[in-house]
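What follows is a set of notes on a single structure, which appears directly below.
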Amino acid sequence: MSFDDTLVADTITSLAALFGLLIVISVVGGRDDGLSRRFLFGLRVLAVLLACRILDWTTGLALFRFVTIAAAGLLPLAALLLTEGLLRRHAPFALKFFAASGALLFLLLALIPESLAEPWRMAMLLAFQFGGFVAIGWLVMTRDRDSLSAAENRTVERMALSLLLILPFMVTDYRPGLFEVPVRLGGIAILFLCWLTIGLGRASLGHRDTIGAFAVIALSSVFAGLALGGIDDLGWRGSVQGVVIVLSATLLAVIYNDSVSLTAEKRRDSLLKHMAEGDLTDSARFLRGLQHHILVDGALILPAADLGDFDLKVLARALEQAPVRSLADVQPDAPVDEDIREQLAWLFEKYEATHVLLATLDPLAVVALNMPAMASSPGVEMELRAVQRMAMLIAQREAVT
């Protein structure tokens, strides 16, 4: 089967969408709950559809055409099952019947040879999918927001945001048979859905951030595609295909990068993990646990007896004002008293430390530790303050008992 430029563009875009789906499946597959299983079902149906569609284009075998149409007929049902899980309520029976009977109908229609079935089969499939997604969008828009948590509402809104792109782009996938377009755009919609899904694990990203980032990527891809089209004189069809190929490749790269970052965040051996898993029965043992932490190069617990070279009153005053001190506090422009600066500078120099924590105030005990500059960040500094506060609470509990 010979390739033309349109088929090449379609294949590349669909391959990018397939790889994006596989990345998301690997991320979601590690979660074992009902909602994730519903989502995985939909993602796998999409992956099968894309894989068989590509094989159908490249081999022309009727088996792959059959599976493609059957999988496409399953999409509204898969989306409805996911929506029920997200909204935590059942969809109307009529909508369930519509989705289930439609899936069965297209399983049967997929058996009809292409020469006898097109273009009316594609028209029916488009109407079925479009009607199903519109009904799902209506369910989402009319949901009871008060019955869902803020995180659940955020997830539902992300899915609704993807529908805004899926619905118009889905129409372009029904070529040939209904009309001609330079390239199918359904793969772009799937990649956008994958990106939104990965973004659900990063709560700091809001809807505006996501839309803004997508707009930047889309405009950059348009610029690159049009520039390539102008250089090679590809014409408007070739330029559109270039834009879509660049956009799909860029989105795939962003999805992979975000999935790696999300996985790294889950694996990150943060100081909060020490708080969650450390020994809370004794403050000394809790603090000694820092000695083996990956972010800390040694942690010395220094009671008052080991601080004979220092002015304990000045040290106690310094740590009472700020229980966690760092090298930044001994810089010339730091807003600290000169005697405090001198004591801290000597403490950091003697024990080759970058940070000092107040363990107990009466009697005075401190923890001197070294955190490499590259490992230190605002987030880690905040975690260090949380560890210090936990140690103080443990010590106060010991004093009471």
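Here the working numbering is used: the first residue of the sequence shown is 54, the next is one more, and so on.
Ideal placement from N, C-alpha and C gives every residue a C-beta, glycine not left out.
Assuming contact is defined by CB atoms lying nearer than 8 angstroms, are residue i and residue j in contact in what I supplied?
i	j	result
Phe94	Leu158	no
Val98	Ala131	yes
Ile308	Gly73	yes
Arg394	Val383	yes
Leu127	Ala170	no
Val297	Thr66	yes
Leu102	Ala125	yes
Val293	Ala277	no
Ser312	Ile76	yes
Arg141	Leu201	yes
Thr59	Val236	yes
Arg174	Leu162	yes
Phe245	Leu304	yes
Phe119	Leu192	no
Met212	Leu139	yes
Ile219	Ala188	no
Pro129	Ala104	no
Ala444	Phe339	yes
Ala357	Leu365	yes
Gly295	Leu272	no
Taking DSSP as the reference, what is the three-state secondary structure of residue i?
i	result
Asp392	helix
Thr136	helix
Ile165	coil
Leu368	helix
Pro235	coil
Pro145	coil
Leu201	coil
Leu405	Correcting the residue type first, residue 405 is Glu in the shown sequence and not Leu. Three-state result, Glu405: coil.
Ala387	coil
Gly230	Annotation note: pLDDT 49 at Gly230 (below 50); position unreliable, coordinate value reported separately. Correct three-state label for Gly230: coil.
Gly126	helix
Asp362	coil
Ala448	helix
Met54	Since pLDDT at Met54 reaches only 37, below the 50 mark, its modelled position is unreliable, and the value read off the structure follows with that caveat. Coil at Met54, not helix or strand.
Thr225	coil
Starting from residue i, trace the beta strand (DSSP E) in both directions and tell me its first and last residue.
i	result
Ser379	377-379
Leu410	408-414
Leu4	Since the first residue of the chain shown is 54 and the last is 454, residue 4 is not available in this structure.
Using the beta-carbon count (16 or more within 10 Å), is residue i buried or exposed?
i	result
Gly239	buried
Gln449	exposed
Ser79	exposed
Gly288	exposed
Trp248	buried
Asp226	buried
Pro221	exposed
Phe150	exposed
Phe56	For Phe56, the pLDDT reaches just 48, beneath the cut-off of 50, and the residue's location in the model is therefore unreliable, leaving the point undetermined.
Thr195	exposed
Leu100	The sequence shown places Ala at residue 100, rather than the Leu named in the question. Ala100 should be labelled buried.
Pro229	With a pLDDT of 48 at Pro229, under the threshold of 50, the modelled position of this residue cannot be trusted; read the value that follows with caution. Exposed: under 16 other Cβ atoms inside 10 Å.
Met435	exposed
Gly361	exposed
Ala123	buried
Excluding sequence positions up to five away, which residues of its chain have a Cβ less than 6 angstroms from the Cβ of residue i?
i	result
Leu410	Val377, Val420, Gln441
Leu279	Ser292
Leu372	Leu411
Leu108	Phe117
Arg290	Pro235
In the DSSP assignment, the alpha helix (DSSP H) including residue i goes from what residue to what residue?
i	result
Ile76	58-81
Ala418	Counting along the chain, Ala418 falls outside any alpha helix (DSSP H), though it belongs to the beta strand (DSSP E) covering 417-422.
Gln182	173-194
Val98	87-112
Please return the same chain residues whose Cβ sits closer than 8 angstroms to the Cβ of residue i, not counting the five positions on each side in sequence.
i	result
Ala369	Leu414, Leu417
Phe363	Gln396, Trp399, Leu400
Ile270	Leu300, Thr303, Leu304, Val307
Ala203	none
Trp110	Met54, Leu60, Asp63, Thr64
Ala381	Ala387
Arg438	Pro376, Val377
Gln182	Ala125, Leu128, Pro129, Met223
Phe267	Phe245, Trp248
Leu96	Leu74, Val77, Ile78, Val81
Leu114	Leu108
Excluding five sequence neighbours on each side, which residues of the same chain lie with their C-beta closer than 7 angstroms to the C-beta of residue i?
i	result
Val367	Asp392, Ile393, Gln396
Arg198	Asn206
Arg106	Ser67, Thr121
Ser379	Thr407, His408
Taking 8 angstroms as the threshold (beta carbon to beta carbon), is residue i in contact with chain B?
i	result
Glu436	The question asks about chain B, but that chain is absent: this structure has only one protein chain.
The ligand SAM and residue i: does the residue's C-beta get closer than 7 angstroms to at least one heavy atom of that ligand?
i	result
Asp57	In terms of ligand content, the structure shown is empty, and the ligand SAM therefore cannot be addressed.
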